[in-house]
Amino acid sequence: MILLDTLLNDTDGYACLATVRMVHEYSQIPIILIASLTQSDNLKKKGFELGAVDYIYKPIDTEELKRRVNLHIELNTHKHALELIIQSRTRELEQTKKALLYSMAHLAETRDHPTGEHLSRIEHYTRLLASEVSRLFPESLPKEQIEIIAQSAVLHDIGKISTPDHILLKPSPLTIEETQIIQKHPLIGADSIRKTIMLLGENPLLSVAAEIAESHHERYDGSGYPYGLVGEEIPLSARIVSLADVYDALTSERPYKIAYSHEKALSIILRGDYRTKPAHFCPIVLQAFISISKNFKDFIQIP
């Protein structure tokens with residue numbers, strides 16, 4: 001508790017109040033102003049605007065002062081306790097949201113990634129890329145969006161839950177008909193997430209998850225699916241996850257391929273091969289990947 005006279009010998013009490021409120025350590029401490037009864041209403045208003053919680057007027061009644069001080073100490077204690085409860089509930093809610101996201105994603109992932117590590121890798125790679133994109137191009141991706149994109153990325157393949165096992169796990173090349181079936185999973189996934197939003201209401205994580213699920217197989221040059229979007233028609237979140245997903249596919253063992261080394265995956269992404277071309281990726285995401293590719297290598301080498 002701070003008691004501050006509005007009429008100090010060497011300075012203006014209101015200026016002192018403003019200075020105190022700018023100091024982080026004192027910003028939440030209740031301040032009671034001591035003022036003259038003749039003080040104007042404008043000055044009283046100014047005191048409250050600067051962060052005072054109450055006024056005591058001269059001549060000071062000692063008993064009233066004690067009551068006011070005790071009241072505001074008690075109120076501040078309750079306020080602090082309530083803030084701690086809110087923070088705790090917020091953390092619990094965020095943990096619940098993330099658990100739900102992982103549960104939904106795991107339903108699809110266990111079909112072709114039985115160890116469950118794919119989700120963790122995609123989230124990690126997406127966070128690395130999004131952080132670097134935000135650092136290099138802050139006007140394109142605000143920092144507060146990084147974690148939303150990273151956590152939402154785990155639902156990118158939720159639509160695969162509708163893909164038959166004989167297609168999803170096929171070790172040989174897919175037929176035209178099988179390819180058409182598997183290429184429906186982005187739309188199925190996005191539709192499922194949007195139906196969840198309709199039931200639960202708007203949610204930033206789910207909204208971003210829907211655009212990622214729908215567009216992470218689009219390619220920057222327009223050769224992707226399901227819509228053949230070009231360039232910035234593709235949401236940035238999906239452009240980021242697209243590269244993360246390709247890198248993980250290259251460095252992971254699949255029914256139809258061995259796991260490639262980081263160096264080979266890097267070469268394929270930057271130089272291309274019979275399936276993958278640099279033109280498939282957003283230039284700013286590709287630049288971010290080049291900048292931090294060593295971090296990807298370090299992660300896949302963790303036992």
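In this text, residue positions in the sequence shown follow this note's numbering: the first is 1, and each later residue adds one. All C-beta atoms in this analysis are idealised placements derived from N, C-alpha and C, irrespective of residue type, glycine included. Remember, predicted model here, so these are calculated numbers, not experimental data.
Next item on the list: Tell me whether residue 61 sits in a helix, a strand or coil according to DSSP, three-state version.
Entry: Residue state, collapsed to three classes: coil.
Check: If we ignore side chains and look at the alpha-carbon of each, how far apart do residue 244 and residue 28 end up?
Finding: 43 Å
Check: How would you call residue 35, buried or exposed, if buried means at least 16 neighbouring beta carbons within 10 angstroms?
Finding: buried
Checklist line | Candidates 5, 285 and 121, of which the one nearest residue 57 by Cα | finding: Closest option to residue 57, Cα to Cα, is 5.
Checklist line | Whether residue 70 touches residue 30 by CB criterion (9 Å) | finding: no
Next item on the list: Could you have a look at residue 12 and say whether DSSP puts it in helix, strand or coil?
Entry: strand
Notebook entry, point to check: Cβ of residue 248 within 9 Å of Cβ of residue 118?
Noted result: yes
Note to self: Contact defined as beta carbons within less than 8 Å: I believe residue 33 pairs with residue 13. What is the distance between those atoms, to the nearest angstrom?
What the structure shows: 7 Å
Notebook entry, point to check: Ends of the beta strand (DSSP E) at residue 128?
Noted result: Where residue 128 is concerned, there is no enclosing beta strand (DSSP E), although the alpha helix (DSSP H) it sits in stretches over 117-136.
Next item on the list: Would you kindly work out how many angstroms separate the C-alpha atoms of residue 64 and residue 49, rounded to a whole number?
Entry: 23 Å
Notebook entry, point to check: Does the beta-carbon of residue 302 have 16 or more other beta-carbons within 10 angstroms, so that it is buried, or is it exposed?
Noted result: With a pLDDT of only 47 at residue 302, under 50, the local geometry of the prediction cannot be trusted, and the value read off the model is given with reservation. Residue 302 should be labelled exposed.
Item checked: Through-space distance from residue 99 to residue 192, alpha-carbon basis -> Looking at the two C-alpha atoms, the distance is approximately 17 Å.
Checklist line | Distance between residue 226 and residue 178 (C-alpha atoms, nearest Å) | finding: 15 Å
Notebook entry, point to check: Which residue from 138, 199, 211 and 73 puts its Cα closest to that of residue 156?
Noted result: 211
Notebook entry, point to check: residue 89: buried (16+ other C-beta within 10 angstroms of its C-beta) or exposed?
Noted result: exposed
Notebook entry, point to check: Sorted by chain position, which residues of the same chain lie with C-beta nearer than 6 Å to residue 235's C-beta, five sequence neighbours on each side aside?
Noted result: 211 and 215
Note to self: Is it the case that the stretch 192-203 contacts the stretch 127-142, given that we only count it when at least three CB pairs across the two stretches are under 8 Å?
What the structure shows: no
Check: Can you tell me whether DSSP reads residue 31 as helix, strand or coil?
Finding: strand
Next item on the list: With a 10 Å radius around its C-beta and 16 neighbouring C-beta atoms as the bar for buried, classify residue 95 as buried or exposed.
Entry: exposed
Check: If you drop the 5 nearest sequence neighbours on each side, which residues of the same chain put their C-beta closer than 8 Å to that of residue 102?
Finding: Short of 8 Å from the beta carbon of residue 102, and not among the five residues preceding or following it, lie these beta carbons of its own chain, in chain order: 119 and 154.
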